[in-house]
Each structure stands twice: as C-alpha cells, then as structure tokens.
Amino acid sequence: MEGNVRQDAIPEGRSAGLVAFTSPSCNGCKDTARAHSAASMSDMSFNSARRHVLGLGCERGTQPAEVLALAFAALETAGVGADELAAIASIDSRREEAAILAVARYFAVPALFFDAPRLERETPRLKNPSAVVFARVGCHGVAESAALAAIGDDAELVLGKIKSAQATAAVARGGLQKA
Numbered sequence: 170m171e172g173n174v175r176q177d178a179i180p181e182g183r184s185a186g187l188v189a190f191t192s193p194s195c196n197g198c199k200d201t202a203r204a205h206s207a208a209s210m211s212d213m214s215f216n217s218a219r220r221h222v223l224g225l226g227c228e229r230g231t232q233p234a235e236v237l238a239l240a241f242a243a244l245e246t247a248g249v250g251a252d253e254l255a256a257i258a259s260i261d262s263r264r265e266e267a268a269i270l271a272v273a274r275y276f277a278v279p280a281l282f283f284d285a286p287r288l289e290r291e292t293p294r295l296k297n298p299s300a301v302v303f304a305r306v307g308c309h310g311v312a313e314s315a316a317l318a319a320i321g322d323d324a325e326l327v328l329g330k331i332k333s334a335q336a337t338a339a340v341a342r343g344g345l346q347k348a
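If you count the sequence shown from 1, you need to add 169 to reach my numbering.
Okay, structure coming up:
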C-alpha cells in the first residue's frame, strides 16, 4: 500500500512513513492497521490534547495519496496540527478502504467507523447535507457526520466538508465519546 502514496502528495518536510509508523494510542492495540469500530471505543484511551477528529469519505479504490493530501489540506485549513488529531472517522462500508486506513496509519491514530443510521442522526448538525449522498449510502453526509459522531453531543464542526476529485474531509472538535 505504501507504494500508492506519492511523495509529492505529502507536504514538504513530511515523510509518508507508511511502513515505519507508531501504533495508535490505544490500550492493548498491537495491530496498527486495525480498524476500530465505535463499539471498541471503551477500550481506547486518548491523550487529552488530541481533541480533533478528521472525518473522511471516498469512492471505492481512491488512491491513498489523494486522501492523504486532502487530509493535510483539511487540517491546515482548520488550523489543526497533527498532534491534535485523535482519530480518523468514516462510514462502515469503508472499513477496509486502503486510502482511509493509510491516513490513519500516517497519523498513527485509530480509524473509527459508523453505520449509516448512526451517521444519519447527525444530519441536523451538518453544514453540507447532501441528498445525493443519502441516495448512495443512506446518510446525508459521510465526512462531517463521521467526525461529529466520533466525538458525540459536544462536537463542534470546525471545518465543513471539503472535496478532492474522489474524497471528502471535515474536522470536528471536542472530547471523544466512550461507547
């Protein structure tokens, strides 16, 4: 998978580091490629300075380089440093998506996944709800909804959905909920 991330997609001064990365900061997690479900949140502890979640959505088969570049753009636009990122979040149908998992590995944070009904409950708080997305996946947004769902009721959307050719990203802030 690391061969799919082009070095020119990474901001200057950063290494893709997809082979040598630190494990996510979760208790007992030995598999850094593991995708965490919302149900496993109670097994995880986070550094309190890491209060932001990056919500991601993408088409199947999107290149990791595209999603990683969008992740950097989202964090920069939101004014969020990599050291403030607690998790990546998306819809459960992307649980095995190489691009989503590559971003989580790059930032050494867990990838959290939510089903469409859970994401749909976030619709009233979305900045950019989409009937098109609803028709395709059963919720009115993936990136914004996933970021909000990962945090819970006290979440604040600090960056609404931004897009690349095949991916979306959004950033929310708050304390991570425990399932």
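Yeah, the Cβ is synthetic: ideal placement off N, Cα and C, and Gly gets one too.
On the criterion of 16 or more Cβ atoms from any shown chain inside 10 Å, does residue i qualify as buried, or is it exposed?
i       : result
Ala-304 : exposed
Thr-246 : exposed
Gly-248 : exposed
Val-340 : buried
Ala-218 : exposed
Pro-279 : buried
Glu-228 : exposed
Arg-274 : buried
Identify, in the order they occur along the chain, each residue of the same chain with its Cβ nearer than 7 Å to the Cβ of residue i, setting aside the five sequence neighbours on each side.
i       : result
Arg-294 : Leu-317 and Leu-326
Arg-183 : Legend: pLDDT at Arg-183 = 39, less than 50; position of this residue unreliable, no value from coordinates given.
Glu-253 : Ala-218, Arg-219, Arg-220 and His-221
Gly-329 : Lys-296, Asn-297, Glu-313 and Ala-339
Ala-285 : Ile-260, Val-306, Gly-307 and Cys-308
Quick check: what's the CA-CA separation for residue i versus residue j?
i       : j       : result
Ala-243 : Ala-338 : 6 Å
Leu-223 : Val-301 : 22 Å
Thr-116 : Val-311 : Residue 116 lies beyond the residue range present for the chain, which begins at 170 and ends at 348; the question has no answer from this structure.
Ile-331 : Glu-265 : 22 Å
Thr-292 : Ala-319 : 14 Å
Ala-336 : Asp-323 : 26 Å
Phe-283 : Phe-241 : 23 Å
Leu-225 : Ser-299 : 15 Å
Can you tell me where the beta strand (DSSP E) with residue i in it begins and where it stops?
i       : result
Glu-325 : 325-332
Thr-337 : 336-342
Please go through the same chain and pick out, in chain order, the residues whose beta-carbon is closer than 6 Å to the beta-carbon of residue i, but skip the five residues on each side of it.
i       : result
Arg-342 : Arg-220, His-221, Glu-325 and Val-327
Ala-334 : none
Glu-289 : Cys-308
Ala-268 : Cys-227, Thr-231, Pro-233 and Val-236
Arg-287 : Ala-318
Rounded to whole angstroms, how far is the Cβ of residue i from the Cβ of residue j, which I believe are closer than 8 Å?
i       : j       : result
Ala-315 : Ser-262 : Contact flag wrong, Cβ pair sits at about 11 Å.
Ile-257 : Leu-281 : 7 Å
Please return the same chain residues whose Cβ sits closer than 8 Å to the Cβ of residue i, not counting the five positions on each side in sequence.
i       : result
Ala-251 : Leu-244 and Phe-276
Between which two residues does the alpha helix (DSSP H) containing residue i stretch?
i       : result
Ser-314 : 312-320
Val-302 : 300-306
Ala-273 : 267-276
Using a Cβ-Cβ distance under 8 Å, would residue i count as near chain C?
i       : result
Gly-307 : The structure shown contains no chain C; it is built from a single protein chain.
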